[in-house]
Amino acid sequence: MFQIQWIGQGGFLLSDGKVKLAIDPYLSNLVEIADGLKRLVPPAIEPKDFHPDYIFLTHEHIDHLDTITVKEMPKEGVKFLVPPVCKKILLECGVAEEAITLLGEGETVTAGGFELKTVWADHTEGSLGVVITCDGVSVYFTGDSLWSEKLGDGVKVDVIECCINGRWGNMNHNEAACLSAKVGAKLAIPNHYGMFAENTADPEDFRKALEGSGIAYYQMTYNQPFDVAALVK
-18 MFQIQWIGQG GFLLSDGKVK LAIDPYLSNL VEIADGLKRL VPPAIEPKDF
32 HPDYIFLTHE HIDHLDTITV KEMPKEGVKF LVPPVCKKIL LECGVAEEAI
82 TLLGEGETVT AGGFELKTVW ADHTEGSLGV VITCDGVSVY FTGDSLWSEK
132 LGDGVKVDVI ECCINGRWGN MNHNEAACLS AKVGAKLAIP NHYGMFAENT
182 ADPEDFRKAL EGSGIAYYQM TYNQPFDVAA LVK
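Right, here's the structure in full:
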């Protein structure tokens, strides 16, 4: 089993049936407090009820490293897999230093039944994407990234989870379709839309951009788990 639950923006909760791995969980109103952008959907999970086994962070922006969530969630036993820029912020949120593993580009770690391989992203200094393999299926989570000729170099996967919002340091739907083809994806899934009115996109544009490519399209339902392995096997 390789279950994916989209918890909004570029955030996910993954499960292999035993271990839960979160990516960039944004479960508060921090962006509204800091920048005035209101959520369009309620938090998928209340921080006090959020307790994955692992959290992987792609970068330090507050819609990805949500300090309210980290401060309010129960942290005992949770392991954080993060780029170096996130360490100081996590420590200030009460995360124990021994719970933090620092990752750079091109590193491989395991988390239960998940294998994570970090890849380059063009967003902030040290930003990461990640290829996660579980149950025989590989998924490339781009994180936030601009399009670049370098993006996706050396990556070959079954599925791509790509940002499509096309502003504030991210690729647009056409660029995401090009990346999907570059990495040989059989299935492409859009994310990083529908959270803020000022920073969203229409996933239908991405679906249309994939037409004729031979790549299947899947649109997630917010906060509804699905088994990605069942979609591609």
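Residue numbering for the sequence shown follows my numbering, starting at -18 and increasing by one per position. Glycine is no exception: its CB is placed at the ideal position from the N, C-alpha and C atoms. Source: prediction; values computed, not measured.
Quick one: is glycine 175 buried, meaning 16 or more other Cβ sit within 10 Å of its Cβ, or exposed?
By the C-beta density criterion, glycine 175 is buried, having at least 16 other C-beta atoms within 10 angstroms.
So valine 112 is in the beta strand (DSSP E); what residue range does that whole segment cover?
From DSSP, the beta strand (DSSP E) with valine 112 extends over 109 to 115.
What alpha helix (DSSP H) runs, 4 residues minimum, are completely inside the stretch 152 to 205?
154 to 163, 184 to 191
Below 8 Å, can you find three or more Cβ-Cβ pairs linking the stretch -13 to -6 to the stretch 169 to 185?
yes
Local conformation of isoleucine 81 per DSSP, three classes:
The three-state reading of DSSP puts isoleucine 81 in strand, counting E and B together.
Same chain, Cβ closer than 8 Å to aspartate 116, five either side skipped, listed in chain order:
Counting only Cβ-Cβ distances below 8 Å, and skipping sequence neighbours, we find Met(-18), Phe(-17), Asp(-3), Gly94, Ala210.
Stretch-stretch touch, CB-based, cutoff 8 Å, three pairs: the stretch 135 to 153 with the stretch 49 to 68:
Cβ pair count under 8 Å is below three, so no.
In the DSSP assignment, the beta strand (DSSP E) including leucine 72 goes from what residue to what residue?
Unbroken run through leucine 72 is the alpha helix (DSSP H), 68 to 73; no beta strand (DSSP E).
Reducing DSSP to helix, strand and coil, say where isoleucine 36 ends up.
Strand.
Below 8 Å CB to CB, which residues in the same chain sit around glutamine 205 once its five sequence neighbours on both sides are set aside?
Gln(-14), Trp(-13)
Inter-stretch contact (C-beta, 8 Å, three-pair minimum) for the stretch 6 to 16 and the stretch 36 to 48:
yes
Are the Cβ atoms of phenylalanine 61 and leucine 97 separated by less than 8 Å?
no
Aspartate 134 classed as buried or exposed, judged by whether at least 16 other C-beta atoms fall within 10 angstroms:
exposed
Cβ neighbours of glutamate 78 in the same chain (closer than 7 Å, five flanking residues each side left out):
Leu72
For tryptophan 149, which residues from the same chain have a beta carbon less than 7 Å from its beta carbon, with the 5 sequence-adjacent residues on both sides left out?
Asn180
Report yes if the CB atom of leucine 127 is closer than 8 Å to the CB atom of histidine 104, and no otherwise.
yes
Leaving out the 5 sequence neighbours to the left and right, which residues in its chain are closer than 8 Å to lysine -1 when beta-carbon positions are compared?
Gly93, Gly94
Please indicate yes or no: does the CB of leucine 2 lie closer than 7 Å to some heavy atom of the ligand ADP?
The model on display carries no ligand, and the ligand ADP is accordingly not part of it.
What residues match up with tryptophan 149 in a beta bridge as DSSP calls it?
Per DSSP, none; premise fails for tryptophan 149.
Across which residues does DSSP place leucine 132 in a beta bridge pair?
Paired residue(s): none; leucine 132 is not in a bridge.
Exposure of threonine 50, with buried meaning 16 or more beta-carbon neighbours within 10 Å
buried
Assign threonine 91 to one of two classes, buried (16 or more other C-beta atoms within 10 Å of its C-beta) or exposed (fewer than that).
exposed
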